[in-house]
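Residue numbers (the numbering used here), protein chains in the order written: chain R, 1 to 309; chain X, 1001 to 1309; chain L, 2001 to 2309; chain V, 3001 to 3309. Every residue gets a Cβ at the ideal spot worked out from N, C-alpha and C, and that includes glycine. For reference, the structure discussed in these notes is given below.
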């Protein structure tokens, strides 16, 4: 069963929207505090290119942690799995996404997976390029190619706000530099990472990228290969085992689709062989996931029988 | 694409068998040391009841940690998800399967998931019954019903061997008793748990149970409901996120099917909507998974395109 | 400067007593809940046998953790430092006294010191004897010899209350049994340990034992050697570095004398070359130390210039 | 009993020197690798100003962690105990000196004591002054006043070598900045801290500073107050509970004097009411203490009965 009209999607959004009042917008990055907690929007992109929408689906928001999946895909393509997984592990963790403990207690010191902050920093540190400009260009062109557009913007205000307050990420960065997991200048890495997190996108575009992953790496409209199928598969795996912060296990049990959330309130879903989804709802639960967004994805998964399990 | 003959399965077994020499049989339970490290056998059970075999597929071995999934299904049916998940969490962990650290550092103290030892003890502690006999009867009848047979044996030698040396599980048990996660007598719990782990089965039977989970809880031959579909789905989810000890993430990435391993060398797989699989190969890798068994499952998954991602 | 009259001690007690209202009696062992939170008494025993008292100095209470020092002295004498320190470390810890984390994360697994519960269990496990009776007799005779009396009682009610609820100590015990730090039956060990903790004593007697340690192991009246001087010195060292639970460092800084507290509200002090002290005040602060007792010891240390630093 | 001649001290040095072959010089700071592992020298400064020497007692070395005690004394004087201990704790720890784990797992996040790196950084962060120059001047003048000389040098080569490789200290610094334990620019803090660690001194001078602490804060020759007596006492306390890295407990038991070591191979001792000592022996044991130096201090403590316990 699949979605047929924007109206049915709008009904689901209205069913999920009341949950916004139990959440609150992220405040650890000053610029994110300004989001409207009542927002909730969604887009589905089927693998034949059909699209459905509800809510303000062209409203821009920043990728934040959703960029971790895209950056992972990028380095898997550019650097290959061997290099990538020599610097970052493949295992889920019960620790918080910003935890440093396991870096000290594990031997060898290596971030457990690319979806926690330490692992994401190690991933971004593998971007190829002579300097910041080349590294950034390589990555942003990859994002543009996924979206099939020529220019993707990043929110300078959000990036700088995060850059100026990312002391914990600097702590993780220097710790890994000590153990030679990452190399080079930490400030430059942080700048690259905060820009990556500040890329602006809307629900519809998020659904497009989800659809690429769902479609074994091929564009849902043109069927052009944007990501090799094995890279797409690896990314979907991490989305299941550690895509939703410390609620990944519960989400897998209740919803059962590859998905990645960010503290801006976005959720990108990739339902294998079916569709991509983009959700935006900035009111977060205590684990950092969009509270109404989670509810909406569960309603859709139940209705359209998306669970891969 | 699906398996057509026992011969093609036998070829895959021969391709995987050389890996046995890089593994070794479990020695932490004295009775397991006597296994033959060269053994490797497999069975596939398709959802129309068709079966294929290779190796000594009727050789008995003990379930060990594979019993964790079956016990979870049992309490989910008998006690309901609300009670179950008030005592045990749903999140994967980066800690070893027998770790106690998170019980102390998490607040509230609660085992992270039902696939680690602490969580499995909490699950078995929920078995209903007035006494050991009733608790055991309830569970063993559930196992018998899954297999469609009237008697399932358990290996007393293995059970006692484990019971006599399970100091770490006692430590976990008493720790959780302190925090009122588990109740009652720890020795009785340990006896129940070690018997559960010592249930004897062969590859063919393991494939049957896997097929029940793969078939949304229905018997692959009679289509009779053995497990409610939502319970089957929850179990498959945990098999993906934490079924293969600390190699679960890597297994999900490389093989991509719900599976659970045990230190006896067994692996039970449940490929949704396709088939159940049973593998036995007692030579283990350092994480506690059958070393040749893992390789064999990966060969099958690649060939028959089983990955759910 | 030293104490000259009971009256001046009584004044100090009255100065410290108001603090009792900020503390509360231990409730983790049911039988301890019945203590009177307003109690506060003290005894000083100088090394020439002179004694001073204030408050109800003959009121009995149980040793609890104070017994850890006496048990340590006992095994150091009976088993020798080499055996003792092969089973238990010499380093302070920042973890709680009942923590299990370091047993798992340290390699080799070994309790950090004899003043935390894990270490104290390892110490009691070294008591020599064929059976419980012999082990207990050996230890209780040592306590009697320290006190110079022929019979020392233990509170059966407290011991059983603790024995029946000591799940965390059992957890520690089994964990160490797994790693072969301790041997034998855990229930028997727990029984021995809870009896040791339930030995009844009063302030005056506590001061006597403190005086033995302060006097390089010699009885303050007869000058008979009760404890070899090097054993007495080792014990005083542990009292400074880890005698006051997680407030040991602060106590060393503010008071500066070897001391050991227990959750019954007792504090035993040993001021080298000067005196022993016994304090009883069952209202505890959040770290488990007698709240008015701590204050009283600090008043005495300031007045009589006891700090060893 | 006290030392009477340089000859008897020379004999003790010769007795301890063979241990140098079981240690090795620090290599984590490149510039320290060039030390001569065979060096061993000592100086004792009695509280009447009498001095004894053995070995090359005028050879300069850098303070390294010994500076932690001096910096602590400085901020206790300048900022007062209340401010100091609101930013850094008083408790010993069983974790390594450079560990970050407790900063994450403790609530509130606060370094356990001023002798571990996290705590020492928090101490240096409290140096008063408008800019780096003023902060440094304030501290170096305090060191000069302790030594009674007008100029103290710092080894630029060692400081820069450490500054360029101190990634772990930066990690600790940013972590604490996140939790507002420290403020301001981390690079500036690191520069100040590495200069502090690179202050050059010799054995004789080290003994002088030790003697100030031993003498309740007064200069051993002039009896002028250099450090208030309560500050001197607090410092000696930390030297006992956490002055010798993860061997502090063992050192307290075997030697029993307030002492602080550094990875350059220095050990400063403060025997209350008796003497100060300075030792230099750059070959370290695995815990980071001078291996022959430790042995030498133990020989002296046994011979001259220095233990405070």
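Between residue 3112 (chain V) and chain L, the shortest Cβ-Cβ separation is below 7 Å.
With contacts defined as CB atoms closer than 7 Å, residue 2195 (chain L) and residue 2154 (chain L) qualify as a contacting pair. For the segment 224-254 of chain R, the set of residues with a beta-carbon nearer than 8 Å to any beta-carbon of chain X comprises 233, 234, 236, 237, 238, 240, 241, 242, 246, 247, 248, 249, 250, 252, 253, in chain order. Of all residues in the segment 3179-3201 of chain V, none has a C-beta nearer than 7 Å to a C-beta of chain R.
Residue pairing by DSSP places residue 1062 (chain X) opposite X:1200 in a beta bridge.
When DSSP states are grouped into helix, strand and coil, residue 2284 (chain L) belongs to the strand group. Look at residue 1139 (chain X) here: in three-state DSSP terms it is helix. Taking a contact to require three or more Cβ pairs closer than 8 Å, the segment 206-217 of chain R and the segment 133-147 of chain R qualify as touching. A distance of 7 Å or more separates the beta carbons of residue 1094 (chain X) and residue 1291 (chain X). When rounded, the separation of the alpha-carbon atoms in residue 3247 (chain V) and residue 2076 (chain L) is 20 Å. Membership of residue 267 (chain R) in any alpha helix (DSSP H) is not indicated; the residue belongs instead to the beta strand (DSSP E) covering 266-271. Contacts with chain X at 7 Å (Cβ-Cβ) include residue 2170 (chain L). Of the candidates X:1262, X:1271, X:1273, X:1272, the residue whose Cα lies closest to the Cα of residue 1281 (chain X) is X:1262.
Taking C-alpha positions only, residue 3287 (chain V) is separated from residue 3074 (chain V) by approximately 27 Å. Secondary structure of residue 2290 (chain L) (DSSP, three-state): strand.
Only those residues of the segment 85-96 of chain R whose C-beta falls short of 9 Å from the nearest C-beta of chain X are listed: 85, 89, 90, 91, 92, 93, 94, 95. At a cut-off of 7 Å between beta carbons, residue 2309 (chain L) contacts chain V.
No Cβ of chain V is located within less than 7 Å of the beta carbon of residue 34 (chain R). At a beta-carbon threshold of 8 Å, the residues of chain X lying near residue 258 (chain R) are 1309, ordered along the chain. In the structure shown, residue 2035 (chain L) adopts coil according to DSSP, grouped into three states. The three-state reading of DSSP puts residue 1243 (chain X) in coil, since its state is none of H, G, I, E or B.
By the neighbour-count definition (other C-beta atoms within 10 Å, threshold 16), residue 2223 (chain L) is an exposed residue. Annotation for residue 107 (chain R): no residue places its beta carbon closer than 8 Å to its own, counting only its chain and skipping 5 residues before and after.
Around residue 1061 (chain X), the same chain offers 1035, 1200, 1201, 1202, 1264, 1265, 1266, 1280, 1282 as residues with beta carbons nearer than 8 Å, after the five sequence neighbours per side are excluded. For residue 3051 (chain V), the uninterrupted beta strand (DSSP E) run begins and ends at 3051-3054, by DSSP. If you ignore the 5 residues before and after residue 2132 (chain L), its C-beta comes within less than 8 Å of the C-beta of 2188, 2191, 2192, all in its own chain and listed in chain order. For residue 44 (chain R), the enclosing beta strand (DSSP E) covers residues 41-46. Closer than 7 Å to the CB of residue 2102 (chain L) there is at least one CB belonging to chain V. The alpha carbon of residue 1234 (chain X) has as its nearest neighbour, out of X:1057, X:1070, X:1051, X:1025, the alpha carbon of X:1070. Cα atoms of residue 2081 (chain L) and residue 3167 (chain V): separation of roughly 40 Å, rounded to the nearest angstrom. Contact check for residue 2113 (chain L) against residue 2181 (chain L) fails: the beta carbons are separated by 7 Å or more. Listed by position along chain L, the residues whose Cβ is nearer than 9 Å to that of residue 1099 (chain X) are 2104.
Per DSSP, residue 1023 (chain X) has no beta bridge partner at all. The bridge partners DSSP lists for residue 1259 (chain X) are X:1269. In its chain, beyond the 5 residues on either side, 65, 115, 116, 117, 245, 246, 288 have a beta carbon closer than 8 Å to the beta carbon of residue 97 (chain R). One thing to note: residue 2012 (chain L) has its Cβ within 7 Å of the Cβ of residue 2299 (chain L).
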